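> This is the structure, below, for whatever I ask next.
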């Protein structure tokens, strides 16, 4: 590149000339040295370099000029030693004025001038004035900026600061230099061909720190100066702030304004900004170039304040840790009410320039949120105001494209406070928060926010409960978008292979992981609905279902099971408490309430069944089963009876023909098997625990179940169902304190009571019938090994009932069965000699049988029970 | 003042924004500490004379902006540095993790002749703060960073407080000593190469009569 070679060339020249300068200095030839110095300074006259490259030259030169300055200082010292009034430096200052080119001349002047000042001569101020006046001679922006930068860098430690006058002059000097530099900087934009505008802009961006460093210096002297009656803060407000901001406004250049405001905010202390805030916002910000992104300025300012707050916080906690007397030293500034200032700034801005892009307004508003949350963490009114403004902006923001581009900003605006609070209930209540929310058109945004809110609700440590319809409304109005979600997109995204999907419902449905996650979160929110009064809680659950949850069937499938379970639990609690109360109070209408709640819940399950039938009717079946058990426990016989009937309906409609098998399919295993077989067992389990049914109803149910069991598809399922069902006719545990209704003598029936066992329902004849039936089924089995296995199973059941004292299942019957098994076993003696899988299986059955017999023997020997059985 | 010209040592202070680079320098050079935070704009230096092993050196310490947006003109001032100070904040883990990128940036931009053994020094500032606010298991993390065989920052480490003026003096004395070594090394190599690229700055002012004849 020619440019970089230009730099290398220039640097080489500088090195060579500087070497000569040093040699001459060493030998004491000052004039020669100055000539070489002027030579290398000539390199700074170039216009061919970019600011960064020019800076490299400048840095090289700066160090060399240091050497010159050190030498001059030393020479002057030695001359002063000879005569006190030597005019060495003054003369030199005059001498360099004859240098031919202005750049070397001024650089050398500045070096000599500042060296002169360093000798504490009396004419300090005159030199300063002279130098800055002379600098006007360079009007080329880049060269001028570096020259003036050089001036202020050399003067750094030399500013007169002894008296107030000195100080004022110094400030005057710095401000003048700043203004001149800013003018040069702004002018650069308008130089050269218009096609180079971009280039100029880039150059100016690089040069900005030269202008900014003036303000840094200003801030330093304001800090460093001390005199009686001088208060830096006041000085800033009355003098510095107006002068600088006036210049910033008047330069009418967006880049300069943006940068200088940023610098102004960064380099002066926060306390200064607090005092000038109103003026800064309304007098300065509003007067800036219309193209300027004012949101950036506000953001910078707010960031600064937030940082200040953090710092003050840690400081104040520290001082509290110290002793009390110390604590008074650092006075905490009174809580600053500057939120209002920002608000009025925003209003004015919106009034004056309503055509500003929405992104700008949103950015300002999110800065305001930050500010409010930091300084007034619980001021919801502030937030409400902000969201009111935001809603207005959103309404004005009509073009679709804008919404797309600002979408994430809206989201940010709404999300910003969520993490701030431990409880967001108050936030969700803000009318304008929801107003803004409901104005957003983008479903993606709403969904994301809804999810965010619900996650916050369920993850918050306080686990706040939703205990009124208002609470529910406050929350669910943000979640309805999630509930209405249909996940229809998953098909397309699956095709594209973007989204990970999950197969559910026996691999029949494909849903996205995200969808499942959303549903899970909603279910967790449902668990937050709670009330100390369980009936109230039930009302809330029905409310949420009616108003929100039944929006889309895809969701019903996922959220209703949770809902129903919650309802079932609530009814159980409510009913139990009511029944305890009933013992004390005579009449109560809670019975009615319990009944109606059962009915309503049943309707909900029914609705779920409607949508879920294809997918997972087993779940519906279980929900009915649970509810039915609860109904029985609460002595709601009619309800319970109906619910069990529902179970039968679901069984018949959906489960009976359901061929899906659970994992274990080995017919020899009594566990596992078809879904219908499992359903029979589940029902049997529940029925077995019923205690508040009338005998008639109970018998209806168990007979029906046994019948269903005997009609299962496979022999082994039939057989096992029936012998399990036998237990339904023989209770062994009362489970309740009072006598069971089931065993009350029925009208027209002879009392079945037999001695002290009358509290348990027992029907020996039916038990035997069941066992005989299952034996018959087993006997019709085609596979002789399975048949044998089932025989041994039945034998074990017989032993159990015999042990229970069932007189019908007597030793004669059992002996017959044992004989039957033994004779069957002999048929297999041939096969046993082989060593194949079949033989193993038979061996297993044989061992099973032997173990059973051994058990009988043991019992006979140790307790004398199971008498009469021949082993 | 001695007849020999005092040696100028150039030191660059680097680190993330807000770690306290300016405060450290202010404390060392001016014995001042301010609670007010002011961002550094551009680069500026402070000088302080020190006596190291009976040698007077002038330490030119360059304060830099931690934020890139305030460093628009590039970092030409890295050139000719004799020592580089890498700062982190003991309460800010990110600033600790960024140390090595500051080091890399320095080596790339400064073009030093001996990047392998260029003197760096690490300063952990703000040790005055509450123990609870410090980076958890700081010592372990420090060990990880300094003892890492591959490109580790195996440099002298000082923990300081610019606020309470703890260890600041010691740290910078070490800086000066290391910088001096580097300076002498550079001087020697310059003499060896005997080119005009790096010319040793060595001015003797023994002749009082030298100077302007006018």
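Protein chains in written order, with our numbering: chain A, 7 to 877; chain B, 12 to 225.
Think of the CB as a built atom: it goes at the ideal place given N, C-alpha and C, for glycine as much as any other residue.
What you are looking at is a predicted structure, and each value in this text was computed from that prediction instead of being measured.
Measure the alpha-carbon distance for residue 450 of chain A versus residue 529 of chain A and round it to whole angstroms.
If you take the alpha carbons of residue 450 of chain A and residue 529 of chain A, they lie about 21 Å apart.
> Tell me the DSSP secondary structure of residue 26 of chain B in three-state form.
DSSP places residue 26 of chain B in strand when its eight states are reduced to three.
> Considering only residues of the segment 786–824 of chain A, which uninterrupted alpha helix (DSSP H) runs meet the minimum length of 4 residues and lie entirely inside it, listed in chain order?
Within the segment 786–824 of chain A, the complete alpha helix (DSSP H) runs of at least 4 residues are 790–810.
> Any heavy atom of the ligand NAP closer than 7 Å to the Cβ of residue 716 of chain A?
Absence of the ligand NAP from the depicted structure is noted, as is the absence of any ligand whatsoever, leaving it without description.
> Start and end of the beta strand (DSSP E) containing residue 71 of chain B?
It spans 66–74 - the beta strand (DSSP E) in which residue 71 of chain B sits, taken as one unbroken run.
> The beta strand (DSSP E) with residue 553 of chain A in it runs from where to where?
Unbroken run through residue 553 of chain A is the alpha helix (DSSP H), 540–553; no beta strand (DSSP E).
> Have a look at A:733, A:54 and A:73 and flag the residue whose alpha-carbon is nearest the alpha-carbon of residue 30 of chain A.
Of A:733, A:54 and A:73, the residue nearest in Cα terms is A:73.
> Taking 8 Å as the threshold (C-beta atoms), are residue 371 of chain A and residue 396 of chain A in contact?
Yes, Cβ-Cβ distance for residue 396 of chain A and residue 371 of chain A is below 8 Å.
> Which stretch, first to last residue, makes up the alpha helix (DSSP H) that contains residue 6 of chain A?
The structure shown does not extend to residue 6 of chain A, since chain A is modelled only from 7 through 877, so no value can be given for it.
> Could you tell me whether any Cβ in chain B is nearer than 8 Å to the Cβ of residue 329 of chain A?
Below a pLDDT of 50, predicted positions are generally treated as unreliable, and residue 329 of chain A, at 41, falls in that range; no measurement from the model is reported.
> Rounded to the nearest angstrom, what separates residue 650 of chain A and residue 446 of chain A at their Cα positions?
Taking the straight line joining both Cα atoms gives about 48 Å.
> Can you say whether residue 839 of chain A is buried or exposed, counting buried as having 16 or more other CB atoms within 10 angstroms of its CB?
Counting Cβ neighbours within 10 Å, residue 839 of chain A comes out exposed, since fewer than 16 surround it.
> Where does residue 477 of chain A land, buried or exposed, given buried means 16+ other C-beta within 10 angstroms?
Result: buried.
> Excluding five sequence neighbours on each side, which residues of the same chain lie with their C-beta closer than 6 Å to the C-beta of residue 217 of chain A?
Answer for residue 217 of chain A: 187, 188 and 191, listed in chain order.
> Given that a residue counts as buried once 16 or more other Cβ atoms are within 10 Å of its Cβ, and exposed if not, what is residue 236 of chain A?
Classification for residue 236 of chain A: exposed.
> With 16 other CB atoms within 10 Å as the buried threshold, where does residue 5 of chain A fall?
Not covered by the structure: residue 5 of chain A. The range shown for chain A is 7 to 877.
> Per DSSP, residue 172 of chain B forms a beta bridge with which residues?
BP columns for residue 172 of chain B point to B:177.
> Excluding the five sequence neighbours on either side, which residues of its own chain have a C-beta within less than 8 Å of the C-beta of residue 185 of chain A, listed in chain order?
Contacts found: 253.
> Pull out every residue of the segment 24–41 of chain B whose Cβ sits closer than 7 Å to any Cβ of chain A, in chain order.
Result list empty, no residue passes.
> Looking only at C-alpha atoms, which of A:693, A:535, A:694 and A:352 sits nearest to residue 474 of chain A?
For residue 474 of chain A, the nearest C-alpha among the options comes from A:535.
> For residue 220 of chain B, which of helix, strand or coil comes out of DSSP?
Confidence in residue 220 of chain B is poor, its pLDDT being 45 and thus under 50, which makes the residue's placement unreliable; the coordinate value appears in the next sentence. Residue state, collapsed to three classes: coil.
> Using CA atoms only, rank isn't needed, just tell me which of A:154, A:554 and A:833 is closest to residue 182 of chain A.
It is A:154 whose Cα lies nearest to the Cα of residue 182 of chain A.
> Is there a Cβ from chain A that is less than 8 Å from the Cβ of residue 189 of chain B?
Cβ-Cβ to chain A under 8 Å: no for residue 189 of chain B.
> Does the beta carbon of residue 309 of chain A come closer than 8 Å to any beta carbon on chain B?
No, residue 309 of chain A does not count as interfacial toward chain B.
> Reducing DSSP to helix, strand and coil, say where residue 40 of chain A ends up.
Helix.
> Using a 10 Å radius around the Cβ and a threshold of 16 neighbouring Cβ atoms, would you call residue 114 of chain B buried or exposed?
So residue 114 of chain B ends up on the buried side.
> List, in chain order, every chain A residue whose beta-carbon is nearer than 8 Å to that of residue 47 of chain B.
By Cβ distance, chain A contributes 275, 276 and 277.
> Applying the criterion that 16 or more other CB atoms from any shown protein chain within 10 Å of the CB defines a buried residue, is residue 501 of chain A buried or exposed?
Reliability of the predicted coordinates at residue 501 of chain A is poor, the pLDDT of 46 falling under 50, and the value obtained from them is presented with this limitation in mind. Per the 10 Å Cβ criterion, exposed.
> Quick one: which chain B residues come within Cβ less than 9 Å of residue 225 of chain A?
Simply 49.
> How far does the alpha helix (DSSP H) with residue 261 of chain A in it reach, from first residue to last?
Where residue 261 of chain A is concerned, the enclosing alpha helix (DSSP H) stretches over 260–273.
> Excluding sequence positions up to five away, which residues of its chain have a Cβ less than 6 Å from the Cβ of residue 339 of chain A?
With a pLDDT of only 48 at residue 339 of chain A, under the threshold of 50, the placement of this residue in the model should not be trusted, and no figure is reported.
> Kindly indicate the opening and closing residues of the beta strand (DSSP E) around residue 58 of chain B.
Per DSSP, residue 58 of chain B belongs to the beta strand (DSSP E) from 55–63.
> Check whether chain A comes within 8 Å of residue 131 of chain B, counting only Cβ atoms and requiring the distance to be less than that.
Not an interface residue.
> Taking 8 Å as the cut-off, decide whether the C-beta atoms of residue 151 of chain A and residue 120 of chain A are in contact.
It is not a contact, given that the beta carbons lie outside the stated cut-off.
> Under DSSP, the alpha helix (DSSP H) around residue 456 of chain A begins and ends at which residues?
Here the alpha helix (DSSP H) through residue 456 of chain A covers 449–465.
> Relative to chain A, which residues along the segment 163–177 of chain B have a C-beta separation below 8 Å, given in chain order?
From the segment 163–177 of chain B, no residue has a Cβ closer than 8 Å to chain A.
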